[in-house]
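The UniProt record's numbering puts the sequence shown at residues 1 to 797.
One structure below.
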Amino acid sequence: MENYAYEKLGLFYLGRELDAAHLAPSPAPLLYKSNNLTTHAAIIGMTGSGKTGLGIALIEEAIMDNIPSIIIDPKGDMGNLLLTFPGLRPDDFQPWIDPKEAARKGLGVEEYAAKTATTWREGLSAWDQGGERIGELKARTEMTIYTPGSTAGVPVSVLGNIAAPTTEVLDDLDTLNSLINSTVTSLLTLIGVQSEPLQSKEHILLSSILLHFWRKGEDLQMEQLIGTIVSPPFDKVGVFPLDTFYPQSERMGLAMSFNNILASPTFSAWLTGEPLDIQRLLYTEEGKPRSAIFSIAHLSESERMFFVTMLLGRFIDWMRRQSGTSSLKALLYMDEIFGYFPPIANPPSKKPMLLLLKQARAYGCGVVLATQNPVDLDYKGLANIGSWFIGRLQTSQDQERVAEGIAGGSGGTLAIGEVKSLLSGMKGRQFLLRSAHLDAPVLFETRWVMSYLRGPIAASDIRMLMAGSANVTTTVSQPATDGLAESAVPGEYGSRPVLSPDISQYYAMQNVVSDKVVFEPWLFATGKVRFVNTTKNIDEVRQVGRRIYLSQELRRFDWLEAEETLIKLADCGQSAPEGSQYYPLPAAISGARNLQTFDKGFRDYLYHNERLELQRVAALKLESRPGESVGDFRVRLQDVLREKKAAAVEKLQKSYGIKQQRLEDQLQKAMYRLEKEQLDVKTKTVDTVLSFGVAVVGALFGRKAISTTSISRTASGMRSAGRVVKEKADVQRAKEQMAELQQALKEFSSEIEQQAMAIGEDFAIERYEMEPVMVKPKKSDIYDVEVAILWEQGNMS
Numbered sequence: 001m002e003n004y005a006y007e008k009l010g011l012f013y014l015g016r017e018l019d020a021a022h023l024a025p026s027p028a029p030l031l032y033k034s035n036n037l038t039t040h041a042a043i044i045g046m047t048g049s050g051k052t053g054l055g056i057a058l059i060e061e062a063i064m065d066n067i068p069s070i071i072i073d074p075k076g077d078m079g080n081l082l083l084t085f086p087g088l089r090p091d092d093f094q095p096w097i098d099p100k101e102a103a104r105k106g107l108g109v110e111e112y113a114a115k116t117a118t119t120w121r122e123g124l125s126a127w128d129q130g131g132e133r134i135g136e137l138k139a140r141t142e143m144t145i146y147t148p149g150s151t152a153g154v155p156v157s158v159l160g161n162i163a164a165p166t167t168e169v170l171d172d173l174d175t176l177n178s179l180i181n182s183t184v185t186s187l188l189t190l191i192g193v194q195s196e197p198l199q200s201k202e203h204i205l206l207s208s209i210l211l212h213f214w215r216k217g218e219d220l221q222m223e224q225l226i227g228t229i230v231s232p233p234f235d236k237v238g239v240f241p242l243d244t245f246y247p248q249s250e251r252m253g254l255a256m257s258f259n260n261i262l263a264s265p266t267f268s269a270w271l272t273g274e275p276l277d278i279q280r281l282l283y284t285e286e287g288k289p290r291s292a293i294f295s296i297a298h299l300s301e302s303e304r305m306f307f308v309t310m311l312l313g314r315f316i317d318w319m320r321r322q323s324g325t326s327s328l329k330a331l332l333y334m335d336e337i338f339g340y341f342p343p344i345a346n347p348p349s350k351k352p353m354l355l356l357l358k359q360a361r362a363y364g365c366g367v368v369l370a371t372q373n374p375v376d377l378d379y380k381g382l383a384n385i386g387s388w389f390i391g392r393l394q395t396s397q398d399q400e401r402v403a404e405g406i407a408g409g410s411g412g413t414l415a416i417g418e419v420k421s422l423l424s425g426m427k428g429r430q431f432l433l434r435s436a437h438l439d440a441p442v443l444f445e446t447r448w449v450m451s452y453l454r455g456p457i458a459a460s461d462i463r464m465l466m467a468g469s470a471n472v473t474t475t476v477s478q479p480a481t482d483g484l485a486e487s488a489v490p491g492e493y494g495s496r497p498v499l500s501p502d503i504s505q506y507y508a509m510q511n512v513v514s515d516k517v518v519f520e521p522w523l524f525a526t527g528k529v530r531f532v533n534t535t536k537n538i539d540e541v542r543q544v545g546r547r548i549y550l551s552q553e554l555r556r557f558d559w560l561e562a563e564e565t566l567i568k569l570a571d572c573g574q575s576a577p578e579g580s581q582y583y584p585l586p587a588a589i590s591g592a593r594n595l596q597t598f599d600k601g602f603r604d605y606l607y608h609n610e611r612l613e614l615q616r617v618a619a620l621k622l623e624s625r626p627g628e629s630v631g632d633f634r635v636r637l638q639d640v641l642r643e644k645k646a647a648a649v650e651k652l653q654k655s656y657g658i659k660q661q662r663l664e665d666q667l668q669k670a671m672y673r674l675e676k677e678q679l680d681v682k683t684k685t686v687d688t689v690l691s692f693g694v695a696v697v698g699a700l701f702g703r704k705a706i707s708t709t710s711i712s713r714t715a716s717g718m719r720s721a722g723r724v725v726k727e728k729a730d731v732q733r734a735k736e737q738m739a740e741l742q743q744a745l746k747e748f749s750s751e752i753e754q755q756a757m758a759i760g761e762d763f764a765i766e767r768y769e770m771e772p773v774m775v776k777p778k779k780s781d782i783y784d785v786e787v788a789i790l791w792e793q794g795n796m797s
């Protein structure tokens, strides 16, 4: 497939337009601006309408535009996104062929795989796609299937930690209350308690507990929550004493219910796995976009509601930390919204979903919801959805309801009967797009998706897809100390060495059950380093900890060879249990009066080696912030480039606007003249390159007179004119004008496409190299240095 301009301009290739009169395909590709999805979208269609295929096409196009996605998959269909085969070989498809389906076709598995490969290859080719584009799709993202509450895919740690929201959320009372309400309601749903926020004692108690800890910026472990239910950190709820409002015996019952959940073997999978960190779910450590699919088909109804609500809450928390943008930054897709956003009931997921639909646009986050029935959606949320993709509907009542909405929003240009007639005649993969960003509804057929639509992905399939996945890292907590150091050489140990009283000693204890305790010695140093650069508005303090293992034979102390440590002296004791044993110290330590020499050496080490490393893109005068990883800076760089690209496209629109208007006027006059002469003007096809070129113009400048259909009509009108009696001078002049107009349209489309391609290339992230920038500390900015002997507990058999 040729690299058309839309690939670089944030235009989603969704399919081809249909002739509304006959529902016949036209050569006009439907290119839809990705930014339009910041006002969110709904896909509505009955089973077999092609709803899932359109959703997958949207996500594929987001991937091609380097936009990450979080995909909630209640049915198991979205895992098909991982079935992408650039080679399109029969062997690629064979593991995913259903033997029963093949048998029904009268074919063996190998034969059916070969037939499927041919079908997919030909289908993609017919829609101007191929293996090369599939390869590009795979290269631009990392896809992972997460299975909360299961180890079939990548497990997710949800119950292990109830994370405190960011300062931005804590400062926004409405958002904070919504987050607390949805979190508490989902937790209570998990133990089978249906609650009203203003009436339920359970809900009020848990909300008060969360608010207490979150306002202090503290996360809440599940074990801690259970203990806090029994003994809350406050004495009153409102004006009533705690025990009057909610007696301890009843609180114990609530705590036991949560404890039973925590103790259940079936819930162990909820406590392990990757943390629900939205930034890491959307981007790799290097800043590469990811597509995170949360498969929840295996969960019970209450478990699904709990997880979806928690995920939406975390997404809102992440979203509020992002800078504002008009470009599409991330996509949240839910494949079946039924039950999660109803018009009447108030499940826990409803408030965060409504909040997203109201606020996400400002942060460049698009929400796409799919459902079979328009009545599945809350009416308050409907007003916040700007793009509606309507497929085949099951009942005439559904068609009537949708037709009323579309006709009512068309400004009188469409009648209800006309819309209903269109809806009743549509086939699978045919959709009516009603968009707040387009002048009129568009009828189109979805393109052939690059992913193999195999059907629902079962748990065994997920295991096969995720087996050996290299892009998944599971967070595992490690203890602060690991027993005896690797460099320790077991030998004689005895009583504690006698040291000068001017040498500080600390003890790092472990929760290890042992008859005897042995301590190994470390030279430990900690200090603070301040990095200041007033020009860059930087004032950053870093706590640094290093340690050197003190083997008895050690003669040379080099801080460059020290290992980094996160141990804090404030967490260590200053005494050891009686009867403890100690490894011997090197002579340079046991005979020292103090550690001043090591103190000076550590200060020199910090001055010469500690640097605050930032990243800079000189061409954009953009620098990373202290504490911002290279990957996160790359994500921010991509956002800046999207904004600059959008501004360049807008400038292109303005600069070509006059010429566009002139060509539109000429086109309208030429068509009017041909019609007046009663020529047989029939829509015919044009070449693909021209189709995509004009579609790019239409997507950028608005869907008015210039469209592929218009050009097709112009071309066929010119051909028809040649069949008319040549004696007519007016027809001959019309023919000449049409030829000139067709050439002008071709040149205009080509010029715009070349300019658009140049814009896409100018703002490709690959063109912008990051270079490191080092900020050095002053000697006076190294302070709170302490050097001590750290005795770390090990095991002794």
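Beta carbons are placed, not taken as given, at the ideal position from N, Cα and C, and that holds for glycine.
This structure is a prediction, so every number in the text was calculated from the model and none was measured.
Identity of the residues DSSP links to residue i by a beta bridge
{"i": "D539", "result": "V532"}
{"i": "R546", "result": "A525 and E564"}
{"i": "E753", "result": "Note: E753 sits in no beta bridge, so no partner."}
{"i": "L31", "result": "Y13"}
{"i": "Q581", "result": "V518"}
{"i": "M774", "result": "E613"}
{"i": "N260", "result": "DSSP lists no partner for N260."}
{"i": "I43", "result": "A370 and F389"}
{"i": "M464", "result": "Per DSSP, none; premise fails for M464."}
Integer-rounded CB distance, given that residue j should sit under 8 angstroms from residue i
{"i": "P347", "j": "G339", "result": "7 angstroms"}
{"i": "L276", "j": "A292", "result": "About 10 angstroms; that fails the 8 angstroms criterion."}
{"i": "F294", "j": "Y146", "result": "5 angstroms"}
{"i": "P148", "j": "A297", "result": "At roughly 11 angstroms, the Cβ-Cβ gap does not stay under 8 angstroms, so P148 and A297 are not in contact."}
{"i": "L188", "j": "H203", "result": "6 angstroms"}
{"i": "I752", "j": "V649", "result": "I752 to V649, Cβ: 10 angstroms. No contact."}
{"i": "I548", "j": "A562", "result": "5 angstroms"}
{"i": "A269", "j": "S150", "result": "6 angstroms"}
{"i": "D632", "j": "G287", "result": "7 angstroms"}
Within-7 angstroms CB hit, residue i to chain C
{"i": "V402", "result": "Chain labels in this structure do not include chain C; a single protein chain is all it has."}
When the options are compared against residue i, the one with the closest alpha-carbon
{"i": "P165", "options": "T284, V635, F213 and R496", "result": "F213"}
{"i": "V184", "options": "D91, G313 and K216", "result": "G313"}
{"i": "G55", "options": "A139, A102, E285 and T446", "result": "T446"}
{"i": "G135", "options": "V449, Q615, G87 and I191", "result": "G87"}
{"i": "G153", "options": "G53, R361 and L465", "result": "L465"}
{"i": "G573", "options": "R392, W791, V442 and S551", "result": "W791"}
{"i": "D219", "options": "I209, I162 and V308", "result": "I162"}
{"i": "E336", "options": "A330, V308, L663 and M770", "result": "V308"}
{"i": "F557", "options": "G601, P521 and V541", "result": "G601"}
{"i": "Q199", "options": "F763, K351 and N181", "result": "N181"}
{"i": "S551", "options": "V544, L745, V529 and A587", "result": "A587"}
{"i": "L433", "options": "D665, L31 and G76", "result": "L31"}
{"i": "E613", "options": "R603, D604, E628 and Y605", "result": "E628"}
{"i": "D461", "options": "I63, A21, T47 and G76", "result": "G76"}
Neighbour-count burial assignment, residue i, 16 or more Cβ in a 10 Å radius
{"i": "H608", "result": "exposed"}
{"i": "P99", "result": "exposed"}
{"i": "P777", "result": "buried"}
{"i": "I789", "result": "buried"}
{"i": "P501", "result": "exposed"}
{"i": "S487", "result": "Caution applies to S487, whose pLDDT of 41 falls short of 50 and renders its modelled position unreliable; the value that the coordinates give is listed next. Looking at its Cβ environment, which holds fewer than 16 other Cβ atoms inside 10 Å, S487 is exposed."}
{"i": "A139", "result": "exposed"}
{"i": "R104", "result": "exposed"}
{"i": "T228", "result": "buried"}
{"i": "residue 818", "result": "Residue 818 lies beyond the range of the chain shown here (1 to 797); nothing can be said about it."}
{"i": "A619", "result": "exposed"}
{"i": "M252", "result": "exposed"}
Any non-hydrogen atom of the ligand MG closer than 6 angstroms to residue i Cβ
{"i": "L663", "result": "Looking at this structure, you won't find the ligand MG or any other ligand, since it has none at all."}
Q: Let me know the beta strand (DSSP E) ranges lying completely inside the stretch 303–333, each 3 residues or longer, listed in chain order.
A: List check, beta strand (DSSP E) in window: nothing returned.
Q: Could you name each continuous beta strand (DSSP E) segment of 3 residues or more that falls completely within the stretch 580–661, going from the start of the chain to the end?
A: Runs of the beta strand (DSSP E) inside the stretch 580–661: 612–617.
Q.
What ranges does the beta strand (DSSP E) occupy inside the stretch 124–208, keeping only unbroken runs of at least 3 residues that lie completely in it?
A. The DSSP assignment places complete beta strand (DSSP E) segments of no fewer than 3 residues inside the stretch 124–208 at 142–146, in order along the chain.
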